[in-house]
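**Q**
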């Protein structure tokens with residue numbers, strides 16, 4: 006194997022099916038349309054493969070890849086002209102997710118985008134605080150603080166909807 010082949014081989018080894026699936030779900034969460042999600046994933050994976058040699062900690066590959074997905078998505082938004090349908094697509098993203106109940110999807114859509122993204126990455130994609138800090142470009146303490154606030158906001162929205170069959174408030178684990 007030549008030295009030029011080492012990076013793609015190591016990249017393919019690091020890109021487990023679980024990490025690939027998590028990246029796909031995150032792309033779909035961000036884009037809300039399958040075609041756009043596929044484009045974002047392909048672009049992000051190509052970029053990650055080119056930059057794989059710059060990865061400092063191989064154990065942090067998942068968070069590093071998610072950060073690339075997020076950065077490529079934001080770069081794409083900056084290049085696009087603002088469109089009203091983009092906002093509608095982002096709102097409907099939660100409706101397509103079969104994992105969440107209707108009430109939870111409604112409450113999630115009412116949260117500000119940064120809180121919604123944070124909760125999705127933490128609970129759906131199962132990223133740890135340190136991984137979230139890498140993805141979002143924040144300190145771990147700031148991520149922890151924002152996660153607390155996002156949970157509190159979600160709990161309040163769910164309480165306001167009175168969705169818990171006979172319960173007076175949201176479960177404590179939120």
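Residue numbers (my numbering): 6 to 179. Every residue, glycine too, gets a C-beta built ideally from N, C-alpha and C. In this text the structure is predicted, and so the values were computed from the model without any measurement.
Cβ of residue 74 within 8 Å of Cβ of residue 49?
**A** Taking the chain shown and counting its residues from 1, the one referred to as residue 74 is at position 69. Taking the chain shown and counting its residues from 1, the one referred to as residue 49 is at position 44. Against a cut-off of 8 Å, the Cβ pair of residue 49 and residue 74 comes out as a contact.
**Q** Mind checking which residues open and close the alpha helix (DSSP H) that includes residue 132?
**A** For the purposes of this step, residue 132 is identified with residue 127 of the chain shown, where counting begins at 1. Per DSSP, residue 132 belongs to no alpha helix (DSSP H) and is neither H nor E.
**Q** Kindly give me the distance between the Cβ atoms of residue 71 and residue 132, rounded to whole angstroms, as I take these residues to be in contact under 8 Å.
**A** By 1-based counting over the chain shown, the position of residue 71 is 66. By 1-based counting over the chain shown, the position of residue 132 is 127. Residue 71 to residue 132, Cβ: 7 Å. Contact.
**Q** When we look at the beta-carbon of residue 2 and count the other beta-carbons within 10 Å, is it buried (16 or more) or exposed?
**A** Lying outside 6 to 179, the shown extent of the chain, residue 2 is not represented and no answer is given.
**Q** Rounded to the nearest angstrom, how far is the Cβ of residue 124 from that of residue 137, given a contact under 8 Å?
**A** Position 119 of the chain shown, counting from 1, holds the residue named residue 124. Position 132 of the chain shown, counting from 1, holds the residue named residue 137. Their Cβ separation, rounded to whole angstroms, is 10 Å, which puts residue 124 and residue 137 out of contact at 8 Å.
**Q** Assuming residue 158 contacts residue 120 (C-beta within less than 8 Å), just tell me the rounded distance between them.
**A** Indexing the chain shown from 1 puts residue 158 at position 153. Indexing the chain shown from 1 puts residue 120 at position 115. Between residue 120 and residue 158 the Cβ distance is about 6 Å, and since that is below 8 Å, they are a contact.
**Q** Using only CA atoms, which one of 111, 28, 143 lies nearest to residue 161?
**A** Along the chain shown, one-based indexing puts residue 161 at 156. With distances taken between Cα atoms, residue 161 lies closest to 111.
**Q** Nearest CA to the CA of residue 130: which residue from 67, 165, 55?
**A** For the purposes of this step, residue 130 is identified with residue 125 of the chain shown, where counting begins at 1. When each option's Cα is compared against that of residue 130, the closest is 67.
**Q** How would you label residue 14, buried or exposed, when you count the other beta carbons within 10 angstroms and need 16 or more for buried?
**A** Along the chain shown, read from residue 1 onward, the residue named residue 14 stands at position 9. Flag for residue 14 reads exposed.
**Q** Given this structure, state the Cα-to-Cα distance separating residue 24 from residue 47, to the nearest angstrom.
**A** On the chain shown, residue 24 is found 19 positions in, with the first residue counted as 1. On the chain shown, residue 47 is found 42 positions in, with the first residue counted as 1. Answer to the nearest angstrom: the Cα atoms are 14 Å apart.
**Q** Can you grab the Cα-Cα spacing for the pair residue 20 / residue 51, in whole Å?
**A** Counted from its first residue, the chain shown places residue 20 at position 15. Counted from its first residue, the chain shown places residue 51 at position 46. So the two alpha carbons sit approximately 12 Å from each other.
**Q** Grab the span of the alpha helix (DSSP H) containing residue 166 for me, first residue to last.
**A** Counted from its first residue, the chain shown places residue 166 at position 161. Looking at the DSSP string, the run of the alpha helix (DSSP H) that includes residue 166 is 145-166.
**Q** Compare the C-alpha of residue 59 against each of 30, 37, 16 and name the closest.
**A** Here residue 59 refers to the residue found at position 54 when the chain shown is read from its first residue. Of the listed residues, the one whose Cα sits closest to residue 59 is 16.
**Q** Label residue 77 either buried or exposed according to how many other C-beta atoms from any shown protein chain fall within 10 Å of its C-beta, with 16 as the threshold for buried.
**A** Within the chain shown, the letter at position 72 stands for residue 77. When all chains shown are included, residue 77 counts as buried.
**Q** With a cut-off of 8 Å on the beta carbons, I'd call residue 163 and residue 145 a contact; round off their distance for me.
**A** Taking the chain shown and counting its residues from 1, one reaches residue 163 at position 158. Taking the chain shown and counting its residues from 1, one reaches residue 145 at position 140. About 27 Å; that fails the 8 Å criterion.
**Q** Look at the alpha carbon of residue 139 and the alpha carbon of residue 65, and state the distance between them as a whole number of angstroms.
**A** The sequence position of residue 139 within the chain shown is 134, counting from 1. The sequence position of residue 65 within the chain shown is 60, counting from 1. In a straight line, the C-alpha of residue 139 is about 9 Å away from that of residue 65.
**Q** Which same chain residues end up closer than 8 Å to residue 28 when comparing Cβ atoms and leaving out the 5 residues on each side of it in sequence?
**A** Residue numbering aside, residue 28 sits at position 23 when the chain shown is read from its first letter. Only 46, 49, 50, 70, 71, 74 meet the Cβ criterion.
**Q** Using 8 Å for Cβ pairs, my map puts residue 152 next to residue 127. What's the rounded Cβ distance?
**A** In the chain shown, the residue the question calls residue 152 occupies position 147. In the chain shown, the residue the question calls residue 127 occupies position 122. About 6 Å; that satisfies the 8 Å criterion.
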